[in-house]
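Undergrad: For the sequence shown, our numbering gives the first residue as 7, with consecutive numbering after it. For glycine and all other residues, C-beta sits at the position ideal for the given N, C-alpha and C. All figures in this text were calculated on a predicted structure; none of them were measured in a lab.
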Amino acid sequence: FSRGAFYSNFADKEAIFLDLLVQHLEHDIDGFKRIAAESRTLEELITGLTASYRDLGQRPDWCLLSSEFQLYASRVGRPDSEFSRAYEDFRQRLSALLDEAFQRFDFRGELSARQLASAIIGLSHGLALERAASKVNLPMEVTGMAIRALLFGAAASNAGVR
7 FSRGAFYSNF ADKEAIFLDL LVQHLEHDID GFKRIAAESR TLEELITGLT ASYRDLGQRP
67 DWCLLSSEFQ LYASRVGRPD SEFSRAYEDF RQRLSALLDE AFQRFDFRGE LSARQLASAI
127 IGLSHGLALE RAASKVNLPM EVTGMAIRAL LFGAAASNAG VR
């Protein structure tokens, strides 16, 4: 394909970015579904998600690009923008998957599924920004370690991991 043929499939540069973002978010949801389906215990789920977010830390450009999209959506200031809808859909789907896992493993933590989904997203994007802006060498696996601490902390408030 030529560059012109590629661009002819999209209305503008924003449409290209939106399509990339939606594909990336769909990949993350599919990964969570796979991990949840393979997990027999809450601990296995947390371990699987930790590995997933550790791997995400190995792709810092995606976190930075996702953060840039979120900043763009907030600058546009339209809650009905396609970027805003894409993130809201992602948050809703991640929240629903977390809620299903909470029910499956009889988990009742201090954070709702929606709050935990937002915390996970914010933590992963924030660490990517910190890594990019910091002169201190922040290891890539810190993202997975931080998500693990968040999830195990939430699980501990549920009287222990099962």
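With Leu117 as the anchor, note down where its alpha helix (DSSP H) starts and where it stops.
TA: Run containing Leu117: none; DSSP gives neither H nor E here.
Undergrad: For Arg46, count neighbouring Cβ atoms within 10 angstroms of its own Cβ and tell me buried if that reaches 16, exposed if not.
TA: With fewer than 16 Cβ atoms within 10 Å of its Cβ, Arg46 is classed as exposed.
Undergrad: Compare the beta carbon distance of Phe75 and Phe89 with 7 Å and say whether it is the shorter of the two.
TA: Contact: yes.
Undergrad: DSSP on Glu147, reduced to helix/strand/coil?
TA: DSSP places Glu147 in coil when its eight states are reduced to three.
Undergrad: Exposed or buried, His33, counting other C-beta atoms within 10 Å across all chains shown (16 or more means buried)?
TA: By the 10 Å Cβ count, His33 comes out exposed.
Undergrad: Select from Trp68, Tyr93 and Cys69 the residue whose C-alpha is nearest the C-alpha of Ala79.
TA: The residue with the shortest Cα to Cα distance from Ala79 is Tyr93.
Undergrad: Would you identify the three-state DSSP class for Ser130, choosing helix, strand or coil?
TA: In this structure, Ser130 counts as helix in the three-state DSSP scheme.
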